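Here the structure is laid out as structure tokens; the discussion comes afterwards.
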Amino acid sequence: ICFIFIGIRAGLTAAIAMIMTLLMTLGILYLFGITLNTITLFGLVLCLGLIVDDIVIVTESIDTQRKKLSNLREAVTVAIKKIAKASSAGTLTTALGFAPLLFFGGILGKFIKVLPITIIISLFVSLFVSLTFVPLLTRLIHASKDNPNKYSPLTYFRNGVEWLAKLLSSVILSAKSTKRKFVYTFVAILISIGFLMASGPLYSKLKFDIFPTPKDANELQVEFVFGPGTNIDSAIEKTNEANQIITNVLGDDIQKISYQGNANERQATATVTLTPFDEREQTSRQFVNELNKQLTNIDNTRISVSQISAGPPKERLPFVVQINADDPQKANEAAKNLVSFLNDTTINRNNGTEAKVIETEYTGELITLTRIDGKRVVQVRAGFDADDTTAIVQAAQKEVEDNFLSDSSNLAGLSADDFGFDFGVESQNQDSFRSVLLALPVLLLLMYLLLVIQFKSLVQPILILLAVPFSFFGVGLALNTTDNPISFFTMIGFFALIGISVNNTILLTDFANQGRRLGLSPRQAMASALHERLRPLLTTTITSVSALIPLTLSDPFWESLSITLIGGLLSSALLVVIAFPYYYLVLEFLRSRLQLKYKK
Numbered sequence: 001i002c003f004i005f006i007g008i009r010a011g012l013t014a015a016i017a018m019i020m021t022l023l024m025t026l027g028i029l030y031l032f033g034i035t036l037n038t039i040t041l042f043g044l045v046l047c048l049g050l051i052v053d054d055i056v057i058v059t060e061s062i063d064t065q066r067k068k069l070s071n072l073r074e075a076v077t078v079a080i081k082k083i084a085k086a087s088s089a090g091t092l093t094t095a096l097g098f099a100p101l102l103f104f105g106g107i108l109g110k111f112i113k114v115l116p117i118t119i120i121i122s123l124f125v126s127l128f129v130s131l132t133f134v135p136l137l138t139r140l141i142h143a144s145k146d147n148p149n150k151y152s153p154l155t156y157f158r159n160g161v162e163w164l165a166k167l168l169s170s171v172i173l174s175a176k177s178t179k180r181k182f183v184y185t186f187v188a189i190l191i192s193i194g195f196l197m198a199s200g201p202l203y204s205k206l207k208f209d210i211f212p213t214p215k216d217a218n219e220l221q222v223e224f225v226f227g228p229g230t231n232i233d234s235a236i237e238k239t240n241e242a243n244q245i246i247t248n249v250l251g252d253d254i255q256k257i258s259y260q261g262n263a264n265e266r267q268a269t270a271t272v273t274l275t276p277f278d279e280r281e282q283t284s285r286q287f288v289n290e291l292n293k294q295l296t297n298i299d300n301t302r303i304s305v306s307q308i309s310a311g312p313p314k315e316r317l318p319f320v321v322q323i324n325a326d327d328p329q330k331a332n333e334a335a336k337n338l339v340s341f342l343n344d345t346t347i348n349r350n351n352g353t354e355a356k357v358i359e360t361e362y363t364g365e366l367i368t369l370t371r372i373d374g375k376r377v378v379q380v381r382a383g384f385d386a387d388d389t390t391a392i393v394q395a396a397q398k399e400v401e402d403n404f405l406s407d408s409s410n411l412a413g414l415s416a417d418d419f420g421f422d423f424g425v426e427s428q429n430q431d432s433f434r435s436v437l438l439a440l441p442v443l444l445l446l447m448y449l450l451l452v453i454q455f456k457s458l459v460q461p462i463l464i465l466l467a468v469p470f471s472f473f474g475v476g477l478a479l480n481t482t483d484n485p486i487s488f489f490t491m492i493g494f495f496a497l498i499g500i501s502v503n504n505t506i507l508l509t510d511f512a513n514q515g516r517r518l519g520l521s522p523r524q525a526m527a528s529a530l531h532e533r534l535r536p537l538l539t540t541t542i543t544s545v546s547a548l549i550p551l552t553l554s555d556p557f558w559e560s561l562s563i564t565l566i567g568g569l570l571s572s573a574l575l576v577v578i579a580f581p582y583y584y585l586v587l588e589f590l591r592s593r594l595q596l597k598y599k600k
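Numbering (our numbering), first residue to last: 1 to 600.
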């Protein structure tokens with residue numbers, strides 16, 4: 001991408017700088033004692049889409065000045081002076097986008113903490129490399145100017161980008177009359193508002209699950225719970241029967257099955273290794289659904305199949321109600337009533353869709369009582385026919401509170417206070433997710449304060465942050481198109497997107513401000529900024545998206561994060577080019593009117 005947009009020599013400089021950044025990042029991670037694992041490797045791949053911003057911005061700026069100035073040293077100096085502050089501000093805002101992830105607690109915090117560390121280190125390393133080594137590499141590689149063949153495809157492509165830049169800037173400059181200025185501004189702002197309004201229905205259709213089950217995996221887990229009275233010979237017979245069903249369903253897509261014993265003599269576990277997901281037609285989800293249907297036919301044995309993925313554990317029966325069992329007879333009767341209620345109830349999600357309970361169990365069936373915090377309880381558990389666990393357990397809790405606990409005839413002489421909800425890992429996930437939402441306004445405030453310091457203005461930072469809502473439509477469309485729910489990973493992607501998307505508006509605003517200081521009118525300054533920054537804007541956006549596409553296709557576990565970034569980057573870049581210049585012009589118009597009023 002860099003070779004296509006900014007030329008062979010400049011592209012080579014950017015490629016070498018990116019390799020240097022990754023190697024230096026690995027060295028720093030080693031010094032911190034951080035090992036290579038799934039999370040750090042993902043972070044490094046994601047870094048490719050982020051570090052390109054600093055490096056390409058500096059490289060492209062030098063390449064632009066090289067065409068204007070004959071002296072290479074002077075061209076490098078001018079280029080660095082023009083973009084150093086804006087590039088530094090962009091890196092800081094991107095790093096801020098990942099900083100809240102450092103403070104997560106619980107399982108999610110431990111699971112994800114290495115990711116923001118890896119990315120923040122790489123961002124600051126890329127800024128250092130772009131402002132120090134890139135100028136040096138430029139002087140070594142750009143000993144002479146490129147003289148590309150004017151008939152080559154690359155030349156035609158770059159000329160096309162230049163033509164588009166001139167077209168967009170000429171549209172801004174062509175609005176000379178007041179009427180035309182109003183029409184152009186009204187249309188551009190209306191387009192951006194239309195995109196924002198269209199995102200509402202998209203988000204209303206999305207499911208919500210903090211840690212969704214990946215769409216595909218290479219391993220399955222089979223859990224056996226044998227009925228009372230099952231001896232070892234009978235257990236082996238039932239296991240062989242299940243093994244035959246598994247073999248028939250999976251066919252050539254199975255590599256091996258390994259069985260593990262359990263401390264409980266009535267339980268066993270098997271791990272099924274599948275062929276890699278890129279070598280088979282059916283997904284692990286499809287296999288899980290089919291196996292769970294067929295394995296129900298084995299007498300006196302409960303068998304459940306689930307995926308094994310890289311994320312935190314997913315509970316088979318995530319919905320848990322704890323009933324005070326000081327009076328075991330009443331508790332068991334209430335538990336049976338609750339099981340009957342759950343089996344007969346349709347769960348309504350907030351977005352209007354429905355789910356059903358497909359499996360229930362309660363400890364009374366096993367003639368055991370569980371002690372929690374010193375109290376005896378009977379636990380009722382339930383599983384559902386869908387994977388968006390977070391949304392369903394919340395909706396199921398509401399159904400139980402509103403329609404079961406409110407009817408005293410269901411409670412078998414107990415009170416509603418004798419019933420409690422504990423969703424285990426899911427409860428911890430929800431607490432961590434709430435901390436993410438609480439961190440969002442803090443993040444935006446910190447970014448705003450940083451931009452206030454950078455631009456010495458209270459209003460322009462608000463303008464710059466428009467890049468964030470510009471990304472909403474793309475994120476919603478991408479998640480709907482790929483059937484991904486709103487999840488912890490989409491929130492990580494959105495936090496990253498907040499930091500990345502404002503880079504484009506930071507650079508456009510900074511270049512327009514530089515033009516204003518040189519005496520250009522607001523319209524001329526923005527037209528010049530758009531003309532000069534369109535190529536690096538397209539380069540960084542397309543390079544970032546290109547780096548994320550292989551990640552999206554190679555591992556379903558990270559798909560939602562990558563898709564969030566891809567959709568948001570494309571949507572934000574489009575509206576930054578089409579609508580943002582006119583928001584800037586409106587702000588400058590209002591500011592000039594206020595200044596004129598105060599002078600009078």
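In this text, a Cβ means the ideal position worked out from N, Cα and C, and glycines have one as well.
Just so it is clear, the structure is predicted and the values come from calculations on it, not from any experiment.
Taking 3 residues as the minimum length, the beta strand (DSSP E) runs contained wholly in the segment 404-458 are 419-421, in order along the chain. If you draw a straight line from the Cα of residue 271 to the Cα of residue 447, it is about 47 Å long. DSSP places residue 251 within a helical segment (H, G or I) once states are collapsed to three. Under the DSSP definition of a beta bridge, residue 274 partners with 254. Residue 466 places its beta carbon less than 8 Å from that of residue 505. When rounded, the separation of the alpha-carbon atoms in residue 486 and residue 78 is 45 Å.
Taking the C-beta atoms as reference points, residue 350 is found nearer than 8 Å to residue 391. Residue 308 and residue 73 have their C-alpha atoms spaced approximately 56 Å apart.
Of 557, 13, 84 and 576, the smallest CA-CA separation from residue 541 is found for 576. Under the DSSP assignment, residue 557 falls outside any beta strand (DSSP E); it carries neither an H nor an E label. Taking the CA atoms as reference points, residue 89 sits about 15 Å from residue 463. In this chain, the alpha helix (DSSP H) harbouring residue 516 covers 488-517. Residue 45 and residue 283 have their C-alpha atoms some 24 Å from each other. Nearest to residue 586 by alpha-carbon distance, out of 571, 522 and 171, is 522. Residue 345 sits in coil when the DSSP states are folded into three classes, being neither helix nor strand. For the set 223, 24, 510 and 388, the Cα lying nearest the Cα of residue 354 is the one of 388. Remark: C-beta atoms of residue 305 and residue 317 do not approach each other more closely than 8 Å. The beta carbons of residue 202 and residue 288 sit no closer together than 8 Å. Beta-carbon to beta-carbon, residue 450 and residue 127 are separated by about 14 Å, too far to satisfy the 8 Å threshold.
Distance from the CA atom of residue 11 to the CA atom of residue 160, rounded to whole angstroms, is 18 Å.
The DSSP assignment places complete beta strand (DSSP E) segments of no fewer than 3 residues inside the segment 210-252 at 219-226, in order along the chain. In this model, residue 337 and residue 375 are separated by some 21 Å (Cα to Cα). Between residue 237 and residue 298, the alpha-carbon positions lie close to 10 Å from each other. Annotation: residue 533 to residue 508 spans about 7 Å, alpha carbon to alpha carbon. Within the segment 52-108, the runs of alpha helix (DSSP H) that reach at least 4 residues and sit entirely inside it are, in chain order, 72-98.
Under the three-state reduction of DSSP output, residue 460 falls in the helix class. The three-state reading of DSSP puts residue 383 in strand, counting E and B together.
Secondary structure of residue 360 (DSSP, three-state): strand. Taking every protein chain shown into account, the CB of residue 570 has 16 or more other CB atoms within 10 angstroms, so this residue is buried. The alpha-carbon of residue 549 is positioned some 8 Å away from that of residue 566. Collapsing the DSSP output to three states places residue 354 in a strand. Here the alpha carbon of residue 244 sits roughly 23 Å from the alpha carbon of residue 228. In the DSSP annotation of this structure, the continuous segment of the alpha helix (DSSP H) that includes residue 480 starts and ends at 472-481.
341 is the residue among 341, 331 and 252 whose C-alpha sits nearest the C-alpha of residue 407. Under DSSP, residue 337 forms no beta bridge with any residue.
In this structure, the beta-carbon distance from residue 319 to residue 423 falls below 8 Å.
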